[in-house]
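> Counting the sequence shown from 1 gives a position; my numbering is that position plus 16.
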Amino acid sequence: MPEVATAPTTSSEPAAAPHTTPVAPELAWSDALSLSMPVMDQTHVEFIDLLATVQQAQDAELVSRWQALVEHTEAHFAQEDRWMLATGFAPGSCHLTQHAVVLKVLKEGLELGQQGQLQPIRQMAHELTIWFPHHAQTMDSGLALHLKSVGYDPLTGEVSQPDALPAQAISGCGGSCSTDAADVGAPSNEQKKAA
Ligand SMILES: [Fe+2]
Ligand SMILES: [Fe+2]
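1. With a Cβ-Cβ cutoff of 7 Å, do THR59 and HIS92 count as a contact?
2. Regarding ASP179 and ligand 1, is the C-beta to nearest heavy atom distance less than 6 Å?
3. Is the region 155-174 touching the region 119-132, taking contact as three or more C-beta pairs under 8 Å?
4. Relative to ligand 2, is the shortest distance from any of its heavy atoms to the C-beta of GLU77 smaller than 6 Å?
5. Report the option in HIS111, GLY132, GLN135, SER80 whose CA atom is closest to the CA atom of ILE186.
6. List the residues that DSSP assigns as beta-bridge partners of ILE186.
7. On the CB-based measure, 16 or more other CB atoms within 10 Å of its CB, does GLY108 come out buried or exposed?
8. Would HIS150 be called buried (16 or more neighbouring beta carbons within 10 Å of its own) or exposed?
9. How far does the alpha helix (DSSP H) with HIS151 in it extend, from its first residue to its last?
10. Could you tell me which residues DSSP pairs with VAL175 in its beta bridges?
11. Our contact map puts VAL221 next to TRP82 with C-beta atoms below 8 Å; I'd like the distance itself, whole angstroms only.
12. According to the Cβ coordinates, are LEU51 and ALA160 closer than 7 Å?
13. Which residues mark the beginning and the end of the alpha helix (DSSP H) in which PRO54 is found?
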């Protein structure tokens, strides 16, 4: 997640510590976040709703709401990871790796919260409002296009166009975040057969 710069202050009053109190949700669902893949979109709507409840939480509710978000995110990422691994992504590809890294950080926040440190959770919640739209519009968008290109049905796991599966495992993000030669322009099975 991107680091957040502390807002400069022109007041002689000491600046309030950032992200220590409930705030209005900083991220809302919009059509700009839709990836035209209903199952993925629904999961993302739920993620944004849970994140909003975290941002609005009083201290007494913060850790339990964060835990709900972390558990939902674990399932959210696992679902996308399954789709990737079923359609030709390598286990170490960057989208899978980013999921693992982000989930690890969120779990660390949960541990700190359970030890009574609430500020890291509020800080992470703020950073997620910046990270998520970027992730959705790059990596998740690339994944949605890839799944459509191979005719993947997320409900049944069937691939209707297996010839469109990549001949080599995708090590990048399916063209969404990398110029890795193994990612962009890698021939599909169909292209390989035609060659
Ligand atoms: Fe996602
Ligand atoms: Fe993702």
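Glycine included, C-beta positions come from ideal geometry on N, C-alpha and C.
Short version:
1. Translated into positions along the sequence shown, residue 59 becomes position 43. Translated into positions along the sequence shown, residue 92 becomes position 76. For THR59 and HIS92, yes; Cβs fall inside 7 Å.
2. Mapped onto the sequence shown, residue 179 falls at position 163. No, since every heavy atom of ligand 1 falls outside the 6 Å radius drawn around the Cβ of ASP179.
3. no
4. Numbered from 1 along the sequence shown, position 61 holds the residue referred to as residue 77. GLU77: no, Cβ never under 6 Å from ligand 2.
5. Position 170 of the sequence shown, counted from the first residue, corresponds to residue 186. Of the listed residues, the one whose Cα sits closest to ILE186 is HIS111.
6. Along the sequence shown, read from residue 1 onward, the residue named residue 186 stands at position 170. The partner list for ILE186 (beta bridge, DSSP) reads PHE105.
7. Counting from one through the sequence shown, the residue named residue 108 turns up at place 92. Exposed, by the Cβ-count rule.
8. For the purposes of this step, residue 150 is taken as the residue at position 134 of the sequence shown. Label assigned to HIS150: exposed.
9. Working through the sequence shown from its first residue, we reach residue 151 at position 135. Its alpha helix (DSSP H) spans residues 135-151.
10. Taking the sequence shown and counting its residues from 1, one reaches residue 175 at position 159. BP columns for VAL175 point to TYR168.
11. There is simply no residue 221 to check, as the chain begins at 17 and stops at 211 in what is shown.
12. The residue given as residue 51 occupies position 35 in the sequence shown. The residue given as residue 160 occupies position 144 in the sequence shown. Cβ distance < 7 Å, so LEU51 and ALA160 count as in contact.
13. Counting from one through the sequence shown, the residue named residue 54 turns up at place 38. Run containing PRO54: 54-72, per the alpha helix (DSSP H) assignment.
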